[in-house]
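All remarks here apply to the structure that follows.
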Amino acid sequence: MYKDSKEDVLNRLREDSNYIDQFIEYVNEQLVSNLDNAKSILDEGLKICTENENIKGVAWCSGTIGWYFNYSGTYEKGVQWLLKANTLFQSISDEKGKLYVSNGLMSAYFQLGLCELSTKWGKIALKIAKKLKNDKFFLVILNNICVNYLNLGKHNEAKKIIDSLQDIPYGDNDNMKISMYQVIAEIECELGNLEKAMNFINESIEIGEKLNYEIIRSESLRIRGKINFKTGKEKEAEEDYSAALEHATKRDYYEVQASILESWAQSDLINYKYDEAINKLVKALEISEKNKCVLISRNIYKQLYLSNKEINKYKEALVYYEKYVEINNELNCITSELSLADLENEKNKQEAAIFKSLYDDIKVISTIGQKITSDLNFENILENIHKEISMIIDAEVVGVSTLKESEGILDYALFIDRGNKLNLKNVHVEDETSIGAYCVRNRSTILINDLYKEYKKYVPTLKVKVSDDNTQSAMYCPLILEDKVRGFLNVQSYKKNAYTENDLNKLKILASYVAIALENSCLYNRTKYFSSHDFLTGLLSRMEIFEKGEKIFKDCQRERKKLAVIMIDIDDFKLINDKYGHSYGDSVLKMVGGIIRNNVKNHGIAGRYGGEEFLVILQGIGERKIYSICDNIRTSIERGNIYYGEKFKLKVTSSLGVFIYSGKEKNIDQCINFADEALYIAKAEGKNKLVKYENYS
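The numbers in full-length UniProt numbering rise by one with no breaks, and the one at position 399 of the sequence shown is 399.
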């Protein structure tokens, strides 16, 4: 570890241009202990090297400034400086320098969400490290690849790489040890080896504190917070997360701040602290968006979508989901643009032409995808799918099938054959005569250019007789979202050899948009549904039943129809909640809601009035039928099956107050008040009974 002062190393660099190697080593130590100090030294060093026309020095200072921006989480600036340094290193054939910046570009591009470019620079770095036989850099690069795998959630792949590095010595490289120990700790934590994870992270913290490596402390505390939480030490986890965030905030480690908040929020979600989790995620999003940490933003949007969906805030969930999708789409386009620029810079005209063709296809597909995903109406989405697919693929037949997972049924939501819309029968996902079912079961894309010769690769037989009158070519792509198969997309042609691998790639990209569009529509419809319905029971919400009830009242008043208003209350519901817990209380509410819905059917409407009270409005039926429905509701609730444990059945009863419209009441509110009075009397008289209002007027 260097003990020289800032002035000492700058003076030596000023006097001796060959001192640049030692100067960069000194600065790299400063990067992990004092970022601001490192930047001021680098700025001075760059100025000295520029004045002395020291190209190697300018290159190394520029590259290290790039790493400074990587460390501080401002990756776009990091890329600019690293690319500038790479050009200089190429001009002087400095392989070690090229290795240094390639590793930095791999990390920066990955955090910006440009995975293709990250992979490209990672491969370049590994190639140079092998050529130089530099174990130290080989270790650093593979460690960074492990970090990338961790960020993608591929923990087993990261573990394989770490295991393969065990024989490479760290030597006295404490910075490398700390980084490796952090990675190992996070991998072992995700794989459930918590004791091992804790040992490694504590070792990392100990080395960092001994050497005063400030930059690693926040990240180490974040990882230890995750481990403590998973081992049940929630208080210690909170302390670690809080200390990590305070440390990162004081030092403007923006990316680390966002990561800490995201990890902390995940712990809150597991404890059902949804509001706290969402607040942390929103704060993390502000930081990552401001600093263009695209990959982190994408992950946070997904977490916000899942969190809001969990608490039935479908409107908010839909907004976050659309942002998550938008970033994914942008990443595809940005990656393609930058890759194209790289090819043109290298003057590889033939490869650039091929890539430009593919890029043009991607732009068209992206535009089509955005059209498909911008509509929330299910029927409109299906119509757009048919219209837009035909623009880029020879599709005489277009089909979209959605999977009803609980039933194992594939439902053809769309099947158009040469312009004619057909209604096909549903097929079971295990049907061995359906190529579409095979596609879903195996999550695999399928390309067929001669149905008669190729169908047996997928199914032993087909339901339809294979002949020249059938379609001859076909492509199938599973619709996958959040790692779940939601159905499949299918195009067919009556010509043989109609499709290429390139067509299949286009369809795969389109399939991802179709899956997103269908999910958007589903979320939108659920949002609409739950804006008027109670999410727990599925009955109408209080506001909705009041509005609909008033309309029914006016119709009955005008047409002199029978009208009945029934108030229903679950007896001693508070005792059920207090004694058995809210989950059992929720089960009782769901059961009662289902019983009410099944008995009311087409005779009227039912809603949750509030808490354990329900409101039913019946119209157009006689008193005998009204009381029959009411008594069926009461007795069905009493016979309902809610068990606490395996044997103990909860006793659930209800009281009902009934009011029958006399023609004198002015609005539905009066009718509800009278029914409520009857309910009050039913409760006072011993519960589990039905009381008619007229008896007490």
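All C-beta atoms, glycine included, are put in the ideal place defined by N, C-alpha and C.
Residues sharing a beta bridge with residue i, DSSP
i	result
Thr-402	Asp-411 and Gly-487
Phe-614	Ile-568 and Arg-608
Asn-420	Asp-417
Gln-492	Val-397 and Ala-474
residue 715	This structure gives no information on residue 715, because the portion of the chain shown stretches from 1 to 697.
Gly-657	Met-567 and Val-691
His-247	According to DSSP, which records beta bridges pairwise, His-247 is partnered with nothing at all.
His-533	Leu-540
Beta-carbon contacts of residue i that lie in its chain and below 8 Å, excluding the five residues immediately before and after
i	result
Leu-150	Ala-158, Val-183, Glu-186, Ile-187 and Glu-190
Glu-310	Leu-269 and Tyr-274
Leu-31	Ala-38, Thr-64, Trp-67, Tyr-68, Tyr-71 and Ile-215
Glu-519	Tyr-321, Leu-481 and Arg-486
Leu-132	Glu-95, Lys-96 and Leu-99
Arg-443	Pro-478, Ile-480 and Val-485
Leu-523	Lys-309, Tyr-314, Ala-317, Leu-318 and Tyr-321
Tyr-455	Ile-435, Ile-448, Leu-462 and Val-466
Tyr-696	Residue confidence is low: Tyr-696 scores 48 on pLDDT, short of 50, so the model does not pin down where it sits. No coordinate-derived value is stated.
Residue i in three-state terms, based on DSSP
i	result
Tyr-476	strand
Val-691	strand
Leu-539	coil
Lys-649	strand
Ser-444	coil
Gly-620	coil
Gly-581	coil
Leu-462	coil
Val-427	strand
Leu-481	strand
Asp-94	coil
Ser-434	coil
Ile-311	coil
Ile-642	coil
Glu-316	helix
Leu-114	coil
Gly-686	coil
Alpha-carbon to alpha-carbon, residue j and residue i
i	j	result
Val-397	Asn-470	11 Å
Gly-657	Ile-227	55 Å
residue 705	Asp-174	In the structure displayed, the chain extends from 1 to 697; residue 705 sits before or after that span and is not available.
Glu-246	Leu-539	47 Å
residue 713	Leu-126	The structure shown does not extend to residue 713, since the chain is modelled only from 1 to 697, so the question has no answer here.
Asn-632	Met-391	58 Å
Lys-120	Met-106	8 Å
Leu-211	Arg-217	11 Å
Ser-288	Asn-299	10 Å
Asn-497	Lys-453	12 Å
Phe-546	Val-325	38 Å
Val-101	Lys-387	47 Å
Tyr-314	Ser-297	20 Å
Lys-356	Asp-503	Legend: pLDDT at Lys-356 = 47, less than 50; position of this residue unreliable, value from coordinates given subsequently. For Lys-356 and Asp-503, the distance between alpha carbons rounds to 16 Å.
Phe-378	Leu-481	17 Å
Ile-642	Ala-684	25 Å
Phe-138	Asp-21	19 Å
Phe-229	Tyr-529	37 Å
Asn-598	Ser-521	28 Å
His-155	Asn-34	31 Å
Classification of residue i by the beta-carbon crowding that lies within 10 angstroms, buried from 16 upward
i	result
Arg-224	buried
Arg-418	exposed
Tyr-26	buried
Thr-461	exposed
Asn-348	In this predicted model, Asn-348 has a pLDDT of only 42, less than 50, meaning its place in the structure is not dependable; the value taken from the coordinates is given anyway. Exposed, since its Cβ has fewer than 16 Cβ neighbours within 10 Å.
Ile-576	buried
Met-591	buried
Asp-569	buried
Asn-18	exposed
Ser-583	exposed
Ser-5	exposed
Gly-611	exposed
Own chain, CB closer than 7 Å to residue i, minus 5 neighbours either side, in chain order
i	result
Met-198	Ile-227
Leu-382	Val-400, Ala-413 and Leu-414
Cys-630	Ile-566, Leu-656, Val-658 and Leu-690
6 Å CB neighbourhood of residue i in its chain, flanking five on each side removed
i	result
His-603	Leu-618 and Ile-621
Asn-426	Ile-409 and Asp-411
Trp-81	Ser-62, Ile-65 and Gly-66
Lys-283	Leu-261
CB contact below 8 Å: residue i versus chain D
i	result
Glu-7	Judged by its chain identifiers, the structure shown contains no chain D, having just a single protein chain.
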